[in-house]
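In the working numbering, the protein residues as written are 990 to 1158.
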């Protein structure tokens, strides 16, 4: 399987996450406008991360179209992903504090801690790939970041679905 095949498949998965975000929003009490702070954060995080993943999957094709060297393509894409991951985690954490999401009984602190730790692992990998140190501008280095976004989207999706059933009761 080539890198372009992997990017195409991942783009489709990110589109599916973005689409399912809308479906989740219509389930349970959320369809009636009763959004808890935790749900708002999860919904925004899922939608934003899935759209960012889609853009990051399509971005290399744009570089390829303009005949940019592969090393530059993967280096720039990794840099963009690293910056996105840092800003994403900072925004989500800030919103959790601002909306006092940790006071909600459905708040799962272990998920936040896990995602922060994953971000702490992924960002240096993306930075090294971007700088060409150790990974030397490889697709594999960039792929690690895309898998991180898949994990992030999956966790937000599961957390949103986890409470739909209890809301319906």
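Each residue gets a CB set at the ideal place from its N, CA and C atoms; glycine is no exception. Since this is a predicted model, take the numbers as computed values, not measurements.
Endpoints, alpha helix (DSSP H) assigned at residue 1024: The residue given as residue 1024 occupies position 35 in the chain shown. Segment: none, residue 1024 is in no alpha helix (DSSP H) and carries neither H nor E.
Span separating the alpha-carbon of residue 1014 from that of residue 1105: Within the chain shown, the letter at position 25 stands for residue 1014. Within the chain shown, the letter at position 116 stands for residue 1105. Cα to Cα, the separation comes out at about 25 Å.
If we ignore side chains and look at the alpha-carbon of each, how far apart do residue 1023 and residue 1096 end up? Position 34 of the chain shown, counting from 1, holds the residue named residue 1023. Position 107 of the chain shown, counting from 1, holds the residue named residue 1096. Taking the straight line from one Cα to the other gives about 16 Å.
Is residue 1012 buried or exposed, if buried means 16 or more other CB atoms sit within 10 Å of its CB? Here residue 1012 refers to the residue found at position 23 when the chain shown is read from its first residue. It is exposed - the Cβ of residue 1012 has fewer than 16 other Cβ atoms within 10 Å.
Could you check the C-alpha separation between residue 1128 and residue 1076 for me, to the nearest Å? In the chain shown, counting from the first residue as 1, residue 1128 sits at position 139. In the chain shown, counting from the first residue as 1, residue 1076 sits at position 87. Distance between the alpha carbons of residue 1128 and residue 1076: 22 Å.
Within the same chain, show all residues whose beta-carbon is closer than 6 Å to that of residue 1145, passing over the 5 residues directly before and after it, in chain order. Counting from one through the chain shown, the residue named residue 1145 turns up at place 156. Once the five neighbours on either side are set aside, the close Cβ partners of residue 1145 are 1031, 1034, 1035.
Just the C-alpha distance for residue 1079 and residue 1002, rounded to the nearest angstrom, thanks. Stepping through the chain shown from its first residue, residue 1079 is reached at position 90. Stepping through the chain shown from its first residue, residue 1002 is reached at position 13. Answer to the nearest angstrom: the Cα atoms are 25 Å apart.
Between which two residues does the alpha helix (DSSP H) harbouring residue 1001 extend? Looking up residue 1001 in the chain shown gives position 12. Its alpha helix (DSSP H) spans residues 992-1015.
Would residue 1114 be called buried (16 or more neighbouring beta carbons within 10 Å of its own) or exposed? Along the chain shown, one-based indexing puts residue 1114 at 125. That one is buried.
Taking residue 1069 and residue 1048 to be in contact with their CB atoms under 8 Å, please state how far apart those CB atoms are, rounded to whole angstroms. Taking the chain shown and counting its residues from 1, one reaches residue 1069 at position 80. Taking the chain shown and counting its residues from 1, one reaches residue 1048 at position 59. Indeed they touch by this definition, with Cβ atoms about 7 Å apart.
Contact set for residue 1089: own chain, Cβ-Cβ below 8 Å, skip 5 residues either direction: Counting from 1 along the chain shown, the entry for residue 1089 is found at position 100. For residue 1089, where only same-chain residues beyond five positions count, the Cβ hits under 8 Å are 1026.
Could you say which of 1051, 1137, 1119 lies nearest to residue 1107 if we only look at CA atoms? Position 118 of the chain shown, counting from 1, holds the residue named residue 1107. It is 1137.
Where residue 1082 sits in the DSSP three-state scheme: Reading the chain shown from its first residue, position 93 is the one you call residue 1082. Residue state, collapsed to three classes: helix.
Compare the Cα-Cα distances from residue 1125 to each of 994, 1007, 1109, 1062 and report the closest residue. Translated into the one-based positions of the chain shown, residue 1125 becomes position 136. The candidate whose alpha carbon is nearest that of residue 1125 is 1062.
From which residue to which residue does the alpha helix (DSSP H) around residue 1127 run? In the chain shown, counting from the first residue as 1, residue 1127 sits at position 138. Counting along the chain, residue 1127 falls outside any alpha helix (DSSP H), and DSSP gives it neither H nor E.
Could you say which of 1120, 1139, 1084 lies nearest to residue 1040 if we only look at CA atoms? Walking along the chain shown from the start, residue 1040 turns up at place 51. Here the closest residue by C-alpha is 1139.
Just verifying my parser: in three-state terms, what is the DSSP assignment at residue 1121? Here residue 1121 corresponds to residue number 132 of the chain shown, with the count starting at 1. It is coil, neither helix nor strand.
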